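Beneath this line is the structure, given in structure tokens, with notes to follow.
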Amino acid sequence: MTGTRTPAPGRAQKGALAEGRWLWRRLYAFAVSAGLWLLLMRTVARMPAEMLPKITDGLMGLLALILILYLVAPTAEQLVALLANARLRLTGGRS
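Per my numbering, the sequence shown starts with residue 1, numbered consecutively.
Shown next, in the form of structure tokens:
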């Protein structure tokens with residue numbers, strides 16, 4: 001045998017791009033967004049008119065937070081990987 005080894009399945013996926021793991025984040029973000037929209041619709045229908053601006057501002061803020069986290073998560077993961085790689089290069093591979 002030549003001595004070439006195939007990486008274990010867990011190790012091969014370690015360097016894979018984050019796009020493969022986006023399915024769960026997408027499902028979570030869409031489910032939470034749909035739930036917040038449903039909560040917003042029910043709240044608007046049931047609340048007195050003087051309370052609506054404050055309640056809807058809070059719910060829309062939650063929705064904005066979920067969508068921002070959905071969009072920023074892959075970028076933050078890539079930045080952490082970039083910083084870890086840069087640290088290895090600056091120290092010459094030493095920990």
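The beta carbon of each residue, even a glycine, is placed where N, CA and C say it ideally should be. Note that the structure is predicted; figures quoted are calculated from it, not measured.
Taking a contact to require three or more Cβ pairs closer than 8 Å, the segment 48-66 and the segment 27-34 qualify as touching. Following the DSSP letters along the chain, one finds Met41 inside the alpha helix (DSSP H) bounded by residues Trp22 to Arg46. For Ala49, the secondary structure class from DSSP, reduced to helix, strand or coil, is coil. When the Cα atoms are used, Leu52 and Tyr70 turn out to be separated by approximately 27 Å. When rounded, the separation of the alpha-carbon atoms in Gly58 and Val72 is 21 Å.
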